[in-house]
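Below: the structure, in C-alpha cells.
2 protein chains.
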Amino acid sequence: MKVVFIGSGNVATHMALAFKEAGHNLAQVFSRNLNHAQELAARVDAIAVDDIAQLDKLADVYVVSVSDSAISEVVQELNGIGGLILHTSGSTAISVLSGYNKYGVLYPLQTFSKSVNLTFKEVPLFVEAGDEASLILLKSLATGLSDKVYEANSEQRRTLHIGAVFVCNFVNQLYQLGAELLEANQLDFEMLRPLIMETARKVQHECPLRVQTGPAVRNDQVTIDSHMELLKTTPELSSIYQILSNSIKKTHQY
Amino acid sequence: MKVVFIGSGNVATHMALAFKEAGHNLAQVFSRNLNHAQELAARVDAIAVDDIAQLDKLADVYVVSVSDSAISEVVQELNGIGGLILHTSGSTAISVLSGYNKYGVLYPLQTFSKSVNLTFKEVPLFVEAGDEASLILLKSLATGLSDKVYEANSEQRRTLHIGAVFVCNFVNQLYQLGAELLEANQLDFEMLRPLIMETARKVQHECPLRVQTGPAVRNDQVTIDSHMELLKTTPELSSIYQILSNSIKKTHQY
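In order, the protein sequence lines correspond to chains Z and P. The letter at position 96 of the first sequence is residue 96 when you use my numbering, and the numbering goes up by one with no holes. The letter at position 105 of the second sequence is residue 1105 when you use my numbering, and the numbering goes up by one with no holes.
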C-alpha cells in the first residue's frame, strides 16, 4: 500500500522502517523540519516534504506520528485526504480524528530511539478504528508489522501508556540516577548492566511481586537507614529512595 | 576447597550453587531454621546444621550470607575457626570481621531469587580482604566463580549497593506498580514485558541519558497533565509519577 508518514521522530522512524520492511510503498515523509524529513525519507526511499500542502492526496494510509500536543493541529490540516488516517499516540483519544471518513489508532507499546535497532515483529501493537471497515484494514496492516496485535479502546490505551511511563521512562531514569551515583564515586555504570538485564529478565516469566529483593522487601531498616545517611547530601535521591522503599514495604505489607 | 555456608537465603543459595559448580566441597549449610538449611544442603550435597556449635572448625572457607542486621551477631559466634571468613553484604563494612585472622568480603552485584536460575559466571563480584594473603586466596576463589571480579573497598561497595537498589529493587517496584495499574483496568502485565526487556537492553551499550523517551523528556506537559488527572485517585502512584517526571526534566534541563 501507498503510505505517507507525518512526523520523523523516534516512533515515526521505527514505524516507517517497519512499514518499509513489510513491503509497503512509502511515498512521503513530512516534517516541519526538512532536515528531519530528509533523514527519515532517505532510510525508507520516500520523498521528504516540509509543506503540508504538498502531501500526496491519494495515499492509502497516512500515519500521523508527531508529539501528542501537535496531533490535533496537524490533523486539522489534512483536508481533502481520502485514505485511512492513523495516529500512533498512547494518550490521545481516537476522537481527535473523528472529522475524517476512515481513521484509527496504531499504538506501539515500545521505547524507540532512532539510533537503536530493534525487532519490530515483537512490538505489541494496539489498534482502534472509527468503523468496522477501517478496523479490518488496520488489523491487516498491523499483523503485517508485528506478531502481537491487540484491540484496545482509547481509555485502555491511556492506561497502557501510563504503565509504560512507569516501567520504561521512570525505570530508565532510575538507571540514570544509578549511573550518576556511581560516577560521582568513580565507579563505572558498566558494573550495573548485568543487574539491570537480570532484573528485566526475571519478570519475563514471573510477576514482579514474587521476585523482589533488597533491603525494603526484607524490611531491613538498618540498611535502609545506612543508605539514607549516605544520600542525605542529595535531596532528590533521598526523596526517591524514601518514596520507593515505602512503596515496596506497602506492597509487601510491612 | 572445603567450604561452609552460613545462611540459606537467596544470595546464599546462588553462591553455594556457584561454589559447587566450581568444584568445591560444600561441607555444611547452617541456618537457624533447619528446613531452610536442609533445602539448600540437598542442592549442594552438604550437611544441614541448625546449631552453630556444630560447625566444622576445619573448613578452608566460611561464607556468611545472612541478612545485614544478623551478620555481626553470627560473626561473634564463629570462635575457634581458622579458615577464611567471608561475608557477602554490599552495605556491611569489612571491619565487622576484623576480630578474625583471615577475612574478606565477596559481594555479588546481582538480584537472586531461589526459584530463578542464572549464569553465575556473568555476575560481577567485588572483593575486599583483611590482608594480602587473604586477598590472593579470595581473588582466586572469585575468579573460579565469575568472569567479572573487581576489587572494591567498603565505601565503594556501599555505593554499588545503593546503585543496585535504584536500578534493581526500585525498578522492580515500578514493574509491580505498572502491573497493578494494568490489572486494575483488566489489562495483562504480559503486554508490558517486551517494553521492560527493551528498556534494559537499550542501556547495555548506551548510557540511559541518551535513550530516554516519553512525555517528561519531551517536556510534553499536556500528556503529563492527562496522566496526573487519571492518577489523582491513587495518591501513591501520583506522587511517584510527579517526583520521577520532575527528576527526568531536571536531568534533561527543562
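Every residue, glycine too, gets a C-beta built ideally from N, C-alpha and C. Since the structure is predicted, the reported quantities are computational estimates derived from the model, not experimental observations.
H1014 (chain P) versus chain Z: which residues are under 9 angstroms apart at the beta carbon?
Within the second sequence, residue 1014 (chain P) is the residue found at index 14, counting from 1. What H1014 (chain P) touches in chain Z: nothing, since even the nearest Cβ is about 11 angstroms away.
Taking C-beta to C-beta, are V1074 (chain P) and L1097 (chain P) nearer than 8 angstroms?
Locating residue 1074 (chain P) in the second sequence gives position 74, counting from the first residue. Locating residue 1097 (chain P) in the second sequence gives position 97, counting from the first residue. Cβ distance not < 8 angstroms, so V1074 (chain P) and L1097 (chain P) don't count as in contact.
Have a look at Y1107 (chain P) and Y1241 (chain P) and give me their C-alpha separation to the nearest angstrom.
Counting from 1 along the second sequence, the entry for residue 1107 (chain P) is found at position 107. Counting from 1 along the second sequence, the entry for residue 1241 (chain P) is found at position 241. The straight-line gap from Cα to Cα measures roughly 33 angstroms.
For my contact list, D1220 (chain P) and S67 (chain Z) are in at a C-beta cut-off of 8 angstroms; report their separation, rounded to the angstrom.
Indexing the second sequence from 1 puts residue 1220 (chain P) at position 220. Indexing the first sequence from 1 puts residue 67 (chain Z) at position 67. The pair is a contact, with the Cβ atoms about 6 angstroms apart (cut-off 8 angstroms).
Excluding the 5 residues preceding and the 5 following D56 (chain Z) in the sequence, name in chain order all residues of the same chain whose CB lies nearer than 8 angstroms to its CB.
Against the first sequence, residue 56 (chain Z) aligns to sequence position 56. So the list reads K2, V4, A27, Q28, once near-sequence residues are dropped.
Using alpha carbons as the reference points, say which of P:E1039, P:S1239, P:L1084, P:E1077 lies closest to E1132 (chain P).
By one-based count along the second sequence, residue 1132 (chain P) stands at place 132. Comparing Cα-Cα distances from E1132 (chain P) to each of P:E1039, P:S1239, P:L1084, P:E1077, the minimum goes to P:L1084.
Of all the CB atoms in chain P, is at least one closer than 8 angstroms to the CB of E198 (chain Z)?
Here the question's residue 198 (chain Z) lines up with position 198 in the first sequence. True, the Cβ-Cβ gap to chain P drops below 8 angstroms.
In chain P, which residues lie less than 7 angstroms from Y175 (chain Z) when you measure between Cβ atoms?
Taking the first sequence and counting its residues from 1, one reaches residue 175 (chain Z) at position 175. Correct list: V1167, V1203, P1208.
Out of P:E1206, P:V1063, P:V1167, P:E1128, point me to the one whose CA is closest to V1155 (chain P)'s CA.
In the second sequence, the residue the question calls residue 1155 (chain P) occupies position 155. Looking at the sequence shown, residue 1155 (chain P) is not Val but Glu. When only C-alpha atoms are compared, the closest one is P:E1128.
When DSSP labels each residue in this structure, what does V1127 (chain P) get in the three-state scheme?
For the purposes of this step, residue 1127 (chain P) is taken as residue 127 along the second sequence, with counting starting at 1. Correct three-state label for V1127 (chain P): strand.
Less than 8 angstroms between the beta carbons of S69 (chain Z) and G104 (chain Z), yes or no?
For this step, residue 69 (chain Z) is matched to residue 69 along the first sequence. For this step, residue 104 (chain Z) is matched to residue 104 along the first sequence. Result no, Cβ atoms of S69 (chain Z) and G104 (chain Z) do not sit closer than 8 angstroms.
Using a cut-off of 9 angstroms between C-beta atoms, extract the partners of H227 (chain Z) located in chain P.
Here residue 227 (chain Z) refers to the residue found at position 227 when the first sequence is read from its first residue. Within chain P, the residues near H227 (chain Z) are S1091, R1158, H1161, I1162, V1165.
Kindly indicate which three-state DSSP category P108 (chain Z) falls into: helix, strand or coil?
As a position in the first sequence, residue 108 (chain Z) is number 108, starting the count at 1. P108 (chain Z) falls in the strand class under three-state DSSP.
Hey, is the segment 1174-1189 of chain P in contact with the segment 206-222 of chain Z, meaning 3+ C-beta pairs nearer than 8 angstroms?
They touch, by the three-pair rule.
Is there contact between the segment 1012-1025 of chain P and the segment 229-236 of chain Z, where contact requires at least three CB pairs shorter than 8 angstroms?
With a cut-off of 8 angstroms, the segment 229-236 of chain Z and the segment 1012-1025 of chain P do not count as touching, because too few Cβ pairs lie within range.
Check A27 (chain Z) in the structure and name its three-state DSSP category.
One-based indexing of the first sequence puts residue 27 (chain Z) at position 27. Three-state DSSP puts A27 (chain Z) in a strand.
Output needed for V1044 (chain P): all residues of its chain with C-beta closer than 6 angstroms, excluding positions within five of it in sequence on either side, in chain order.
Reading the second sequence from its first residue, position 44 is the one you call residue 1044 (chain P). So the list reads A1016, K1020, L1026, once near-sequence residues are dropped.
Restricting to Cα atoms, I'd like to know which of Z:A12, Z:I52, Z:S91 is closest to E1229 (chain P).
Here residue 1229 (chain P) refers to the residue found at position 229 when the second sequence is read from its first residue. Minimum Cα distance to E1229 (chain P) is reached at Z:S91.
From what residue to what residue does the beta strand (DSSP E) around A1059 (chain P) run?
As a position in the second sequence, residue 1059 (chain P) is number 59, starting the count at 1. Note, A1059 (chain P): premise wrong, no beta strand (DSSP E); not H, not E.
What residue from Z:L125, Z:D50, Z:A53 has the CA that sits closest to H87 (chain Z)'s CA?
As a position in the first sequence, residue 87 (chain Z) is number 87, starting the count at 1. Ranking the options by Cα distance to H87 (chain Z), first place goes to Z:L125.
Just the Cα atoms here: how many angstroms apart are F1120 (chain P) and L195 (chain Z)?
As a working note, residue 1120 (chain P) is residue 120 in the second sequence. As a working note, residue 195 (chain Z) is residue 195 in the first sequence. In a straight line, the C-alpha of F1120 (chain P) is about 12 angstroms away from that of L195 (chain Z).
Give the single residue among Z:H14, Z:I6, Z:G99 whose Cα lies nearest to the Cα of L145 (chain Z).
In the first sequence, the residue the question calls residue 145 (chain Z) occupies position 145. With distances taken between Cα atoms, L145 (chain Z) lies closest to Z:H14.
Which partner residues does E151 (chain Z) have in the DSSP bridge list?
Here residue 151 (chain Z) refers to the residue found at position 151 of the first sequence. Partner(s): Z:V127.
Check whether the Cβ of S154 (chain Z) sits closer than 7 angstroms to any heavy atom of the ligand ZN, and report yes or no.
With respect to the ligand ZN, the structure offers nothing, as it holds no ligand at all.
Would T1088 (chain P) pass as an interface residue toward chain Z - the criterion being a Cβ-Cβ separation below 8 angstroms?
Within the second sequence, residue 1088 (chain P) is the residue found at index 88, counting from 1. Cβ-Cβ to chain Z under 8 angstroms: no for T1088 (chain P).
Tell me where the beta strand (DSSP E) around A48 (chain Z) begins and ends.
Numbered from its first residue, the first sequence carries residue 48 (chain Z) at position 48. Element bounds for A48 (chain Z): 47-49.
If we count the other Cβ atoms within 10 Å of its Cβ and call it buried at 16 or more, is I162 (chain Z) buried or exposed?
The residue you call residue 162 (chain Z) lines up with position 162 of the first sequence. Per the 10 Å Cβ criterion, buried.
Can you check which of these residues, P:Q1173, P:G1214, P:M1197, P:S1247, is closest to I248 (chain Z) by C-alpha distance?
For the purposes of this step, residue 248 (chain Z) is taken as residue 248 along the first sequence, with counting starting at 1. Nearest C-alpha to I248 (chain Z): P:Q1173.
Identify every residue that forms a DSSP beta bridge with V3 (chain Z).
Position 3 of the first sequence holds residue 3 (chain Z). In DSSP, V3 (chain Z) forms a bridge with Z:L26, Z:V61.
Distance check for V217 (chain Z) and A48 (chain Z), CA to CA, integer angstroms please.
Sequence index remark: in the first sequence, residue 48 (chain Z) carries index 48 (1-based). Sequence index remark: in the first sequence, residue 217 (chain Z) carries index 217 (1-based). Between A48 (chain Z) and V217 (chain Z), the C-alpha separation is close to 53 angstroms.
Report yes if the C-beta distance between T1213 (chain P) and S113 (chain Z) is below 8 angstroms; otherwise report no.
Your numbering for residue 1213 (chain P) matches position 213 in the second sequence. Your numbering for residue 113 (chain Z) matches position 113 in the first sequence. For T1213 (chain P) and S113 (chain Z), yes; Cβs fall inside 8 angstroms.
For K1148 (chain P), which residues in the same chain have their Cβ closer than 6 angstroms to its Cβ, ignoring the five residues on either side in sequence?
What you label residue 1148 (chain P) is simply residue 148 of the second sequence in a count that begins at 1. Counting only Cβ-Cβ distances below 6 angstroms, and skipping sequence neighbours, we find P1124.
Name the DSSP beta bridge partners of Y103 (chain Z), please?
Counting from 1 along the first sequence, the entry for residue 103 (chain Z) is found at position 103. Y103 (chain Z) is bridged to Z:I85.
Going by DSSP in three states, N219 (chain Z) sits in which element: helix, strand or coil?
Reading the first sequence from its first residue, position 219 is the one you call residue 219 (chain Z). In this structure, N219 (chain Z) counts as coil in the three-state DSSP scheme.
When DSSP labels each residue in this structure, what does K232 (chain Z) get in the three-state scheme?
Working through the first sequence from its first residue, we reach residue 232 (chain Z) at position 232. K232 (chain Z) falls in the coil class under three-state DSSP.
Mapping the DSSP letters down to three states, classify K1020 (chain P) as helix, strand or coil.
Position 20 of the second sequence holds residue 1020 (chain P). Three-state DSSP puts K1020 (chain P) in a helix.
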